[in-house]
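In our numbering, the protein residues as written are 21 to 309. Note that beta-carbon positions come from the ideal geometry of N, C-alpha and C, so glycine has one too. Notes for the one structure printed next.
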């Protein structure tokens with residue numbers, strides 16, 4: 021796959037594929053695709069290189085890739101919490117500034133696209149294969165400690181009658197335990213969030229957890245340090261989705277670390293304020309299997 025004469029060399033995880041669009045390559049979850057059009061963008065999109073505070077025009081590409089104009093792109097002002105924005109079929113497009121504060125957006129409206137942005141945090145997309153309802157959620161460590169994945173599943177049930185057994189979830193690229201060093205404040209946040217010690221220690225490691233696909237980012241100190249851990253947000257997300265009732269084989273994780281792949285993905289931990297953003301976007305499919 022080529023864009024601007026460059027080739028995506030990062031292998032997609034099982035169940036995911038790289039696809040080409042007008043704005044650049046995207047990652048797609050094959051199991052989610054029959055039930056909801058969706059994508060995870062890459063650094064090569066305008067959104068991936070637009071400076072902070074100047075990304076409005078870049079969102080038009082995300083909208084167009086899923087067949088709507090930017091007025092029908094439903095977004096929120098993300099605040100690292102677990103508030104839910106509900107967009108029902110027939111609601112008028114949100115045209116006012118500022119955007120409503122939320123980190124979870126759910127809808128049953130095929131006329132709009134739900135979109136969240138990340139630069140290390142977990143982008144989570146969910147579709148109900150029975151009702152067609154969808155969700156897009158943003159979860160960094162604060163959001164995961166606040167149980168964003170579980171809250172998302174609960175919100176789909178409360179507002180649209182979605183049964184967890186009917187949901188398909190796709191976890192997009194985010195920073196992995198190969199690179200994500202955190203302090204005691206993060207561990208304490210999960211304790212205060214009600215996660216017991218045995219559960220917490222499944223997600224925190226004293227040393228980086230690299231893989232052939234996800235090497236440690238350049239400059240990472242690999243020696244053990246007191247009160248420092250490497251956090252696995254993918255495992256925490258999967259745990260919460262399974263506890264919320266989604267069958268394990270209906271949860272699909274890209275397992276691509278944003279910090280490990282500077283040519284392909286955006287990472288705030290790696291690039292700081294210069295980091296662009298990745299979009300996770302999803303639309304109700306008008307025709308479902």
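Pairwise C-beta distances place the region 233 to 249 in contact with the region 268 to 286, as three or more of them are shorter than 8 Å. Residue pairing by DSSP places residue 88 in no beta bridge whatsoever. In this structure, residue 180 and residue 126 form a Cβ contact; the two beta carbons are roughly 7 Å apart against a cut-off of 8 Å.
Take the alpha-carbon of residue 146 and the one of residue 30: they are about 24 Å apart.
Taking residue 98 as reference, the option from 137, 111, 275 with the minimal CA-CA separation is 137. Straight through space, the alpha carbons of residue 298 and residue 287 are spaced by roughly 9 Å.
In the three-state reduction of the DSSP assignment, residue 169 falls in the helix class, which pools H, G and I. Per DSSP, residue 251 is one residue of the beta strand (DSSP E) stretching across 248 to 251. In this structure, the CA atom of residue 55 is about 16 Å from the CA atom of residue 87. Residue 208: member of the alpha helix (DSSP H) spanning 204 to 212, first to last residue.
With contacts defined by Cβ atoms closer than 9 Å, residue 304 and residue 152 form a contacting pair. In the three-state reduction of the DSSP assignment, residue 121 falls in the strand class. With 16 or more other Cβ atoms from the protein chains shown falling within 10 Å of its own Cβ, residue 273 counts as buried.
Within the same chain, and ignoring the five residues on either side of residue 105 in sequence, the residues whose Cβ sits closer than 6 Å to its Cβ are 96, 120, 122, 125. Rounded to the nearest whole angstrom, the CA to CA distance from residue 264 to residue 247 is 30 Å. Nearest to residue 35 by C-alpha distance, out of 188, 166, 167, is 188. For residue 290, the enclosing alpha helix (DSSP H) begins and ends at 288 to 291.
At least 9 Å separates the beta-carbon of residue 169 from that of residue 61.
Cβ-Cβ distances below 8 Å link residue 92 to 83, 113, 131, 132, 133 in the same chain, with the five nearest sequence neighbours on each side left out; the list follows chain order. Of the residues 228, 111, 100, the one whose Cα lies closest to the Cα of residue 198 is 228.
Comparing alpha carbon positions, the residue from 216, 253, 221, 94 closest to residue 143 is 253. Bounds of the alpha helix (DSSP H) holding residue 220 are 217 to 220. From the listed residues 215, 285, 232, the smallest Cα separation to residue 259 is found for 215. Here residue 249 is near residue 203, since their CB atoms are less than 9 Å apart.
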